[in-house]
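Asker: Below: one structure in structure tokens.
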Amino acid sequence: MTDAAQDTGPDPELTARIETLAAGRASGLRIRDGVLSLVLDVAGLDAAAREELAARIEAAAKGAPGVKDVRIAMTAERAARPAIIAVGSGKGGVGKSTLAVNLAVALARLGKRVGMVDADIYGPSLPRLLASEDTKPQAQGNRLVPVPNGAGVPMLSIGHLVKPGQAIAWRGPMAGNALAQLIEADWRDTDLLIVDLPPGTGDVQLTMIQRFKPAGAVIVSTPQDLALIDAARAISFFDQTGVPVIGMVENMAGYVCPHCGEVSDPFGSGGAEARAGELGLPFLGRVPLDIAIRTASDAGAPPAARDDVIGKPFRAIARQVADWFDRSRAGAPLG
Ligand code: ADP
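Each residue of the sequence shown is one higher than the one before, starting from 982 at the first, in the numbering used here.
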């Protein structure tokens, strides 16, 4: 028997636990003769944070079935792939893509090296939202090179790979292979990929999560009951798959009249915040229903790139996500 034949991966539950703790930093998980080994990318962590993260992983692994000892190799090399934050929603049309693109733009403005992947097979919209519809990605070797744009957020979309409407009938594995081309592209020094997921909780989303292990997820909902029921389903889906939910965003909350500026609540207000509270999740903020958001988005000029009031809610949400990301990278409790 060869050495490789004696190696096994840890069971899925332990793998998920370690990957949640490591937030995208663990790779090469193997068990041989009861010894669990893994590589931990500690780039950007100081000595205390490195030790603490390693100790937390060791504590989680020791005593798990089949694990007698744990060996962690630390490397300060950049992880082969950027960490992923998925943006999901229980249903379509709630503004998930709008939030995803503005979150990415605002995170880039906060100094993060951000890229975007448009995984929404039902309606890839990021090329339009980032004004790059006419640019096709090039390939270098066998990897795609993301499309640059004025917002400073290089991007790849499922719409770059297939004609509109063609991907709708895909099952999980087909979508998984297409997504692999986008996620394993030549992202260079990108730290963080914002992935705009398809709405809902089907097998495409499941394949994406199992294969690419997002570090966290943001859930977008409108304030209505119906949308919130769907959002709760999405949250429980991420919980069950071991992806930490960073928090919930309420979109289209309060209509700002373009004539008089008066705010009314066509879909109610505060529903998502209340639901987040019930579920013990952070509430990341509220984005009003404002025609200026739609017109700027349709024109490929994400509001978060602006300093005015329209971009403000997106920038505030991004600050919280950036804090979460920094804490998760430092191995601190995410609470
Ligand atoms: P999803 O990705 O959930 O299907 P989109 O982001 O594509 O939703 O948004 C659906 C439509 O609603 C788009 O035309 C978008 O410009 C518009 N939209 C999204 N959020 C807002 C908002 N807060 N105010 C006004 N229009 C919005």
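For each residue, glycine too, the CB sits at the ideal point set by N, CA and C.
1) In whole angstroms, what separates the C-alpha of residue 1285 from that of residue 1186?
2) Roughly how many angstroms lie between the CA atoms of residue 1210 and residue 1132, to the nearest whole one?
3) Alpha carbon to alpha carbon, how far is residue 1066 from residue 1232?
4) Only counting the same chain, and skipping five residues up and downstream in sequence, which positions put a Cβ closer than 7 Å to that of residue 1127?
5) For residue 1051 and residue 1040, what's the separation of their Cα atoms in angstroms?
6) Can you name the start and end residues of the alpha helix (DSSP H) that residue 1264 belongs to?
7) Under DSSP, the beta strand (DSSP E) around residue 1052 begins and ends at which residues?
8) Are at least three pairs of beta-carbons, each pair with one atom in the region 1194 to 1205 and one in the region 1214 to 1231, less than 8 Å apart?
9) When we look at the beta-carbon of residue 1149 and count the other beta-carbons within 10 Å, is it buried (16 or more) or exposed?
10) Ignoring anything shorter than 4 residues or poking outside the region 1072 to 1106, list the alpha helix (DSSP H) runs there in chain order.
11) On the three-state DSSP scale, how would you describe residue 989?
12) Looking at the secondary structure, which residues open and close the beta strand (DSSP E) in which residue 1121 lies?
13) Residue 1004 and residue 1298 - do their beta-carbons sit closer together than 9 Å?
14) If residue 1078 sits next to residue 1107, beta carbons under 8 Å apart, how far is it from one beta carbon to the other, in whole angstroms?
15) With distances taken from CA atoms, which of 1273, 1000, 1290 is nearest residue 1238?
16) Let me make sure I understand the geometry here. Which of 1269, 1122, 1159, 999 has the alpha-carbon closest to that of residue 1244?
17) With 16 as the cutoff for other CB atoms within 10 Å, does residue 1154 come out buried or exposed?
18) Starting from residue 1207, follow the beta strand (DSSP E) in both directions and report where the run begins and ends.
19) Have a look at residue 1160 and residue 1111 and give me their C-alpha separation to the nearest angstrom.
20) Can you check which of these residues, 1175, 1190, 1046, is closest to residue 1089 by C-alpha distance?
Answerer: In brief:
1) Indexing the sequence shown from 1 puts residue 1285 at position 304. Indexing the sequence shown from 1 puts residue 1186 at position 205. Taking the straight line from one Cα to the other gives about 27 Å.
2) Here residue 1210 refers to the residue found at position 229 of the sequence shown. Here residue 1132 refers to the residue found at position 151 of the sequence shown. Those two C-alpha atoms are separated by around 34 Å.
3) For the purposes of this step, residue 1066 is taken as the residue at position 85 of the sequence shown. For the purposes of this step, residue 1232 is taken as the residue at position 251 of the sequence shown. Distance between the alpha carbons of residue 1066 and residue 1232: 18 Å.
4) Taking the first residue of the sequence shown as position 1, residue 1127 is located at position 146. 1096, 1118, 1135, 1136, 1137, 1166, 1168.
5) As a position in the sequence shown, residue 1051 is number 70, starting the count at 1. As a position in the sequence shown, residue 1040 is number 59, starting the count at 1. In a straight line, the C-alpha of residue 1051 is about 9 Å away from that of residue 1040.
6) As a working mapping, residue 1264 is identified with position 283 in the sequence shown. For residue 1264, there is no enclosing alpha helix (DSSP H); the enclosing beta strand (DSSP E) covers residues 1264 to 1270.
7) By one-based count along the sequence shown, residue 1052 stands at place 71. Run containing residue 1052: 1050 to 1056, per the beta strand (DSSP E) assignment.
8) The region 1194 to 1205 is in contact with the region 1214 to 1231.
9) Position 168 of the sequence shown, counted from the start, is the residue given in the question as residue 1149. Burial call: exposed.
10) 1077 to 1090
11) Here residue 989 is taken as the residue at index 8 of the sequence shown, counted from 1. In this structure, residue 989 counts as strand in the three-state DSSP scheme.
12) As a first step, residue 1121 must be located in the sequence shown, where it is residue number 140. Residues 1119 to 1121.
13) For the purposes of this step, residue 1298 is identified with residue 317 of the sequence shown, where counting begins at 1. For the purposes of this step, residue 1004 is identified with residue 23 of the sequence shown, where counting begins at 1. Contact flag unset, no.
14) As a position in the sequence shown, residue 1078 is number 97, starting the count at 1. As a position in the sequence shown, residue 1107 is number 126, starting the count at 1. Their Cβ separation, rounded to whole angstroms, is 7 Å, which keeps residue 1078 and residue 1107 in contact under 8 Å.
15) Taking the sequence shown and counting its residues from 1, the one referred to as residue 1238 is at position 257. Nearest of 1273, 1000, 1290 to residue 1238, Cα basis: 1273.
16) Working through the sequence shown from its first residue, we reach residue 1244 at position 263. Checked all of 1269, 1122, 1159, 999; the closest Cα to residue 1244 is 1269.
17) Translated into positions along the sequence shown, residue 1154 becomes position 173. With fewer than 16 other Cβ atoms within 10 Å, it is exposed.
18) Position 226 of the sequence shown, counted from the start, is the residue given in the question as residue 1207. No beta strand (DSSP E) contains residue 1207, which is instead part of the alpha helix (DSSP H) from 1206 to 1221.
19) As a position in the sequence shown, residue 1160 is number 179, starting the count at 1. As a position in the sequence shown, residue 1111 is number 130, starting the count at 1. Going from the Cα of residue 1160 to the Cα of residue 1111 covers about 19 Å.
20) Position 108 of the sequence shown, counted from the start, is the residue given in the question as residue 1089. When only C-alpha atoms are compared, the closest one is 1175.
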